[in-house]
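>
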Amino acid sequence: MATQEQRTSIRWDYAPAPESPDHVRLRDSYGLFIEGEFTDPVDGTRVPSINPATEEVVAEVAFAGPGDLRRAVAAARAAQPGWAALSGLERGKYLFRVARLIQERARELAVVESMDGGKPIRESRDVDVPLAAAHFFHYAGWADKLSYGMGGRAVEPLGVAAQIVPWNFPLLMAAWKLAPALACGNTAVLKPAETTPVTALLLAEIVQEAELPPGVVSIVPGDGAAGAALVREPDIDKVAFTGSTAVGKDIQAALAGRGIPLTLELGGKSANIVFEDAALDQAVEGIVNGIFFNQGHVCCAGSRLLIQESVADTVVGKLWDRMGRLRVGDPLDKNTDVGAINSREQLERITSLVESGEEEGAVRRSVVCELPSRGFWFPPTLFTDVAPAHRIAAEEIFGPVVSVLTFRTQAEAIEKANSTPYGLAAGIWTDKGSKAFEVASALQAGVVWQNTYNHFDPSAAFGGYKESGFGREGGMAGLRPYLRVAS
Amino acid sequence: MSSRLPVRKTYKLFIGGAFVRSESGRYDRSGDFNIPRASRKDVRDAVAAARKASASWAGRTPYNRGQILYRFAEALESRAADIGAERSEVEAAIDVLVHYAGWTDKLQPVLGGINPVAAPFLSFSVPEPTGVVGIVAPDSPPLLGLIAELAPALAAGNTVVAVLSDERPLPGLDLGEVMGIADVPAGVVNLLSGRRAELVPVLAGHHALNAIVNATDSLTAEIDKLAAESVTRVRHTTPSESYADATSDPLSRLEALTELKTAWHPVGA
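Line by line, the protein sequences give chains B and Y.
In case it helps, the numbering used here puts the first sequence at residues 176 to 662.
In case it helps, the numbering used here puts the second sequence at residues 1261 to 1529.
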């Protein structure tokens, strides 16, 4: 009879099962989407968008210059009164159309998302794209019910919203930003991230197909400088940003004295807390999902694993064992668990933080796996013997790297979990209901998951405490940042 | 006739439930009284006191917080004649406290609820206090303007450090004594008199402060800039906002000082 070790050391191999990109209709080159048309940049540039798994060009994309941004803002300004004057039902019907078109083009969007950003097709197919459609569907239905969502108050749109989204969930974050803004009667200028603009441009095609009035949505790719310029545009009424805490602080300071409402969804160093009474095998799956989902490029990633001392060795053993079975590689392969790191720059950041962990004395274990020769890759990595003061325990790594800390009592777990300037998310693993409710209530985090992790829904508010930002996206609370109370 | 010499009041700052002089020993003259001129160190002490009181105040039941706010209203009513403000202003301030005493257990059903997620989870969102809130009180009306911003902060479960009116700090300082008899726990409200231009930047830039409400039209950009250093929430009352109806749009005041927490609990195995 095989021992436990022999049984679990069986190497499961799968034949390659790549999703075919044949049905994808990508243009060689995309212009800026302004006033309902793809246009050449007046003072921008054209930049190739790279597939991080192959380093091949996905498409060439126009990046906006200052004049282009001004054009987009002017188009949004011109379109706003007409958009706000539509009945809520009619506005909603446009958004329902967008939701439906995302569903119709779901497969194509998923493949392109994985090509442009490096995330496994399983995630873009099962999470990013369906949730993006669901988000539009949810807010479409709010468009004619706004005052109900605002405690009965009479409300009006803010005007022109400048929106900046990150590279980790390019299409989904665009949906999180655009859907509530548009439902509330605002027009929007969206800047996708530098390394992942392509699905946002496919969304621009969908906006065209849905026949939204020109100028209601503009999509203007660009780098960080373009984002900085966009929030400094004089004729905007709202800024919404998802990205790093450092850039969020810059934006908040840049808006000082301008009276422009701001939503910030920033970084995190979220605690994933495993109690001794948890179902440990289930917890290990949740830990894996918490930190290796999307290569750890997740603002709410469970990057600080807090394990109760009595089960720490067991959990770390099971986790390490499970990590050895993660399939790292081709994002388009349907069996892939961990895809490519989004960019060379991000790979360098992860590498440098992991090196600091070793230098500061933590013990590193990285999965030994065959990584493709081209592209940007980082093996799933586990740190033990981590002190709370280590950089890997305090700073956001935004990669497939988990730091393990231990605790003895519930009070210590809560204190350690809250001992960070961040406050985005947390996980709790226990089968005791009353304990889960008590701990969830004590954690300073905008989202708390019990016996699950990285679960999202358009009806459930998402956003941070403390330096993880302010304002909420999703659900009824997601309307507030895009409305003012009518005077 | 009567030759009795009246007993004058010594005005003090209110920090951590205690009446204290400014640690700097400085004072200003206001009418017939010497008013303590708080220092930057006093601001830091007040924030520390508010931070210390935060968990316990936030952890009280909404019913209990409501009763304390109502008790605050009762105490102010009984002391109305002793507050250095117009009677009508004091009465309006009392009504504001009564209004927000009733908000403590309404906030959660109005702002939160169960999220109808498409998965087997009980997902709900609840408002929680932001934490420690700074208030920059207006010069006019000095008492009502302060209470109109203080009451929602307390109702939502926050603790407060208030910088009182530069020009008319007396009614605010009188309020400390009212709170002394109103069961408002020590450190939940801290009151500082002094120079706004000196105190507010220290308050706005303090990293243990979670939110700041500026009810003046001064220092706007400076507050914003300092708040950005630690992603502090900022609410400026708009210039058009008068205190003629001090309970108008209470929900906007309350929600600016709350954080929405979404919890997901599994349903089934």
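Every residue, glycine too, gets a C-beta built ideally from N, C-alpha and C.
Tell me the DSSP secondary structure of Y:Tyr-1503 in three-state form.
Coil.
> With three or more C-beta pairs closer than 8 Å as the rule, is the region 327 to 346 of chain B touching the region 206 to 218 of chain B?
No, they do not touch.
> Using a Cβ-based criterion (distance less than 7 Å to any ligand heavy atom), does B:Glu-590 qualify as near the ligand COA?
The ligand COA is absent from the structure shown, which contains no ligand whatsoever.
> Residues bridged to Y:His-1467 by DSSP?
Y:His-1467 is not bridged to any residue.
> Could you tell me which residues DSSP puts in a beta bridge with B:Asp-508?
Bridge partners of B:Asp-508: B:Pro-193.
> Does DSSP put B:Asp-303 in a helix, a strand or coil?
Note: B:Asp-303 maps to helix in three-state DSSP.
> Using 8 Å as the limit for Cβ to Cβ distance, is B:Ser-224 near chain Y?
Chain Y, which has no Cβ nearer than 8 Å to the Cβ of B:Ser-224, makes this no.
> Which residues in the same chain have their Cβ closer than 7 Å to the Cβ of B:Pro-388, if we skip the five residues on either side of it in sequence?
The residues are Ala-254, Gly-257 and Trp-258.
> Look up B:Thr-556 in the DSSP assignment and give the residues it is bridged to.
Its beta-bridge partners are B:Ser-541 and B:Val-576.
> Can you tell which of B:Ala-358, B:Ala-428, B:Val-490 and B:Tyr-205 has its C-alpha closest to the C-alpha of B:Asp-452?
It is B:Val-490 whose Cα lies nearest to the Cα of B:Asp-452.
> Relative to the C-alpha of Y:Pro-1296, which residue among Y:Pro-1266, Y:Asp-1505, Y:Ser-1400 and Y:Asp-1434 is closest?
If we check each option's Cα against that of Y:Pro-1296, Y:Asp-1434 comes out closest.
> Taking only beta-carbon atoms, is Y:Asp-1365 less than 8 Å away from chain B?
Chain B, which has no Cβ nearer than 8 Å to the Cβ of Y:Asp-1365, makes this no.
> Between Y:Lys-1272 and chain B, is the shortest Cβ-Cβ distance under 8 Å, so that the two count as touching?
No, no contact with chain B.
> Quick one: complete alpha helix (DSSP H) runs, 4+ long, within the region 1358 to 1436 of chain Y?
Whole alpha helix (DSSP H) segments, 4+ residues: 1367 to 1371 and 1402 to 1415.
> Quick test of your reading: B:Ala-568 and B:Gly-598, contact by CB under 8 Å. State the CB separation rounded to the nearest angstrom.
About 16 Å; that fails the 8 Å criterion.
> Which residues in chain B sit within 8 Å of Y:Pro-1526, going by Cβ to Cβ distance?
The answer, in chain order, is Gln-625, Asn-626 and Thr-627.
> Where do the ends of the alpha helix (DSSP H) carrying Y:Asp-1288 lie?
No alpha helix (DSSP H) contains Y:Asp-1288, which is instead part of the beta strand (DSSP E) from 1287 to 1290.
> Can you find a C-beta in chain B that's less than 8 Å from the C-beta of Y:Lys-1301?
Not an interface residue.
> Please report how far the alpha carbon of Y:Ser-1314 lies from the alpha carbon of B:Lys-268, in whole angstroms.
Their Cα atoms are separated by approximately 46 Å.
> Here's the rule I'm using: 16 or more other beta-carbon atoms within 10 Å means buried, otherwise exposed. How should B:Pro-563 be labelled?
Exposed, since its Cβ has fewer than 16 Cβ neighbours within 10 Å.
> Among Y:Ser-1478, Y:Val-1491, Y:Pro-1376 and Y:Leu-1514, which one has its Cα closest to the Cα of B:Ala-635?
Of Y:Ser-1478, Y:Val-1491, Y:Pro-1376 and Y:Leu-1514, the residue nearest in Cα terms is Y:Pro-1376.
> From the DSSP output, in three-state form, read off B:Tyr-205 for me.
Strand at B:Tyr-205.
> Based on the DSSP secondary-structure assignment, which residues constitute the bridge partners of B:Thr-417?
Its beta-bridge partners are B:Glu-440.
> For Y:Ala-1310 and Y:Val-1460, I'd like the C-alpha separation in whole angstroms.
Near 16 Å, if we compare the C-alpha coordinates of Y:Val-1460 and Y:Ala-1310.
> Note down, in chain order, each residue of its chain lying with its Cβ closer than 7 Å to the Cβ of B:Leu-430, except the 5 sequence neighbours on either side.
The residues are Val-406, Val-414 and Leu-437.
> Touch check for the region 493 to 500 of chain B and the region 444 to 463 of chain B: three-plus C-beta pairs under 8 Å?
Yes, the region 493 to 500 of chain B touches the region 444 to 463 of chain B.
> For the region 1340 to 1371 of chain Y, which residues have a CB atom closer than 9 Å to at least one CB atom of chain B, in sequence order?
If the cut-off is 9 Å between Cβ atoms, the region 1340 to 1371 of chain Y has Val-1370 and Leu-1371 near chain B.
> According to the neighbour-count rule (16 or more other Cβ atoms, all chains shown, within 10 Å of its Cβ), is B:Lys-641 buried or exposed?
The residue is buried, with at least 16 neighbouring Cβ atoms inside 10 Å.
> Can you pull the chain Y residues whose beta carbon is under 8 Å from the beta carbon of B:Thr-420, in chain order?
By Cβ distance, chain Y contributes Val-1491.
> Y:Leu-1329 and Y:Leu-1451: beta carbons closer than 8 Å?
In this structure, Y:Leu-1451 does not lie closer than 8 Å to Y:Leu-1329 by Cβ.
> What first and last residue would you give for the alpha helix (DSSP H) that runs through B:Val-612?
Inspection of the sequence shows that residue 612 of chain B is occupied by Phe rather than by Val. 608 to 617 is the extent of the alpha helix (DSSP H) around B:Phe-612.
> I'd like the span of the alpha helix (DSSP H) that includes B:Gln-457, first residue to last.
Its alpha helix (DSSP H) spans residues 455 to 467.
> Pull out every residue of the region 468 to 495 of chain B whose Cβ sits closer than 9 Å to any Cβ of chain Y, in chain order.
Residues passing the 9 Å Cβ filter: none.
> Using a Cβ-Cβ cut-off of 8 Å, state whether Y:Val-1338 counts as contacting chain B.
According to the sequence displayed, residue 1338 of chain Y carries Ser and not Val. Cβ-Cβ to chain B under 8 Å: no for Y:Ser-1338.
> Using only alpha-carbon positions, find the residue among B:Ile-225, B:Ser-299, B:Asn-593 and B:Ala-260 that is nearest to B:Val-513.
Looking at the Cα atoms, B:Ser-299 is the closest of the given residues.
> Would you be able to state if there are at least three C-beta pairs under 8 Å between the region 286 to 302 of chain B and the region 461 to 477 of chain B?
Flag = yes, the region 461 to 477 of chain B and the region 286 to 302 of chain B touch.
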